[in-house]
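Take a look at the structure:
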């Protein structure tokens with residue numbers, strides 16, 4: 086078997102994100118569309134003295150394990166112990182398959198800003214799962230791998246599959262949809278912190294806990310976006326973007342709100358916050374130079390920004 090593999094771990098943006106309800110266990114159900122983008126981390130996974138094991142296909146009693154896990158990251162602010170989702174992904178993989186090794190090393194070359202609504206941690210976990218599955222000869226199907234990923238976070242299954250997907254449930258129900266038309270995307274994050282639980286709490290307070298009598302999901306708007314994607318109409322796609330979290334986050338995060346205004350002033354066809362924020366993306370026509378000008382306008386003010394494109 087191979088002993089080392091390096092994979093791209095792509096970020097994601099939310100082209101559409103709405104809340105459809107709240108379950109008895111407190112989790113919110115969503116509907117939306119996620120798009121993988123070319124902004125990515127690079128994850129290298131290596132195993133030393135791998136051991137064979139019996140494929141269990143379950144997350145039952147602990148099976149195999151790595152006797153030692155060493156995780157490193159180019160960003161010193163990222164934890165490199167079992168707080169890191171990539172570390173936990175490795176543990177879950179070995180538990181699910183009963184494989185093991187003497188030493189496992191994971192290195193993350195970080196480009197995706199952390200805690201920004203871009204699935205930076207989730208995509209590292211997904212890449213670790215895919216890498217280990219490849220190294221051990223694909224003992225898990227993609228469906229099984231996504232099942233393991235879901236135990237780590239709702240975005241991990243999408244990050245395993247990539248592309249453009251309709252997301253339902255708590256984010257684990259994924260259906261392929263037409264890819265976003267070719268365009269330039271600019272991603273920017275001004276460093277404002279956003280707590281996802283706090284963001285959901287703010288939405289609950291504003292929309293009556295998403296009781297049926299208090300909030301009506303935007304099904305028609307989602308249908309329009311899907312039609313725009315199918316017809317490859319970038320203008321219509323831009324006019325159909327939606328993120329409910331903007332209603333509670335942007336009024337409290339002036340830098341994110343300013344980034345959105347800057348994108349539009351620089352010629353973006355549309356701009357939207359991704360996930361629960363605080364990152365914002367702008368949609369620009371391909372190769373007109375407006376995306377690069379928007380990036381430069383933001384970086385001149387000390388706001389990190391990246392030009393990328395949809396992938397998948």
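Numbering (the working numbering), first residue to last: 86 to 397.
All C-beta atoms, glycine included, are put in the ideal place defined by N, C-alpha and C.
Taking the beta carbon of residue i as the centre, do at least 16 other beta carbons fall within 10 Å, making it buried, or is it exposed?
i, result
"residue 82", "The requested residue 82 does not occur in the structure, where the chain is confined to residues 86 to 397."
"residue 386", "exposed"
"residue 286", "exposed"
"residue 145", "Residue placement at residue 145 cannot be trusted, given a pLDDT of 34 that sits under 50; the coordinates are not used to answer."
"residue 167", "exposed"
"residue 304", "exposed"
"residue 256", "buried"
"residue 161", "exposed"
"residue 347", "buried"
"residue 331", "buried"
"residue 40", "In this structure the chain extends from 86 to 397, so residue 40 is not present and cannot be described."
Going by CA-CA distance only, name the one from the options that's closest to residue i.
i, options, result
"residue 172", "159, 209, 371 and 120", "209"
"residue 124", "157, 196 and 304", "196"
"residue 83", "309, 289, 306 and 308", "No information on residue 83 is available, as it lies outside the stretch 86 to 397 that the chain covers here."
"residue 169", "324, 179 and 158", "158"
"residue 292", "166, 360, 104 and 344", "104"
"residue 360", "89, 101 and 88", "101"
"residue 198", "222, 383, 228 and 362", "362"
"residue 339", "388, 381 and 308", "388"
"residue 216", "226, 134, 129 and 244", "129"
"residue 26", "220, 178 and 253", "In this structure the chain extends from 86 to 397, so residue 26 is not present and cannot be described."
"residue 110", "126, 371 and 294", "294"
"residue 192", "395, 384, 90 and 112", "90"
"residue 112", "225, 253, 220 and 345", "253"
"residue 163", "180, 126 and 181", "126"
When the Cα atoms are used, what is the spatial distance from residue i to residue j?
i, j, result
"residue 267", "residue 322", "11 Å"
"residue 337", "residue 298", "27 Å"
"residue 400", "residue 203", "Summary: the structure shown does not reach residue 400, with the chain confined to residues 86 through 397, and so no result is reported for it."
"residue 165", "residue 206", "12 Å"
"residue 296", "residue 106", "7 Å"
"residue 108", "residue 283", "17 Å"
"residue 325", "residue 313", "8 Å"
"residue 375", "residue 351", "6 Å"
"residue 327", "residue 259", "18 Å"
"residue 316", "residue 264", "10 Å"
"residue 407", "residue 397", "This structure does not reach residue 407, given that the chain is present from 86 up to 397, and the question cannot be answered."
"residue 333", "residue 222", "46 Å"
"residue 329", "residue 227", "30 Å"
"residue 132", "residue 218", "12 Å"
"residue 393", "residue 231", "26 Å"
"residue 242", "residue 262", "16 Å"
"residue 380", "residue 335", "20 Å"
"residue 88", "residue 245", "21 Å"
"residue 383", "residue 276", "13 Å"
"residue 377", "residue 319", "19 Å"
"residue 98", "residue 120", "5 Å"
"residue 395", "residue 122", "4 Å"
"residue 240", "residue 373", "32 Å"
"residue 140", "residue 344", "Low confidence applies to residue 140: its pLDDT is 36, below 50, so where it sits in the model is not reliable, and the reading given next is rough at best. So the alpha carbons of these two residues sit roughly 48 Å apart."
"residue 341", "residue 225", "40 Å"
"residue 310", "residue 134", "49 Å"
"residue 306", "residue 349", "21 Å"
"residue 302", "residue 220", "43 Å"
"residue 180", "residue 308", "40 Å"
Report the CB separation of residue i from residue j in whole angstroms; it is logged as a contact under 8 Å.
i, j, result
"residue 200", "residue 278", "7 Å"
If you measure from the beta carbon of residue i to each beta carbon in chain C, is any gap under 7 Å?
i, result
"residue 261", "Among the chains of the structure shown, chain C does not appear; only one protein chain is present."
Quick test of the definition: if touching needs 3 or more C-beta pairs under 8 Å, does the segment 362 to 373 touch the segment 267 to 284? yes
Does the segment 107 to 123 come into contact with the segment 150 to 162, if we say contact requires no fewer than three beta-carbon pairs (one atom in each stretch) closer than 8 Å? no
Okay, do the segment 187 to 202 and the segment 153 to 166 touch, 3+ Cβ pairs below 8 Å being the bar? yes
Check whether the segment 160 to 177 touches the segment 228 to 245, counting contact only when three or more Cβ pairs, one atom from each stretch, lie closer than 8 Å. For the pair of segments examined, the segment 160 to 177 was found to touch the segment 228 to 245: the number of CB pairs separated by less than 8 Å reaches three.
Segment contact, 8 Å Cβ cut-off, at least three pairs: the segment 246 to 257 with the segment 342 to 356: no
Does the segment 91 to 100 come close enough to the segment 209 to 225 to have 3 or more Cβ pairs within less than 8 Å? Short answer: they touch.
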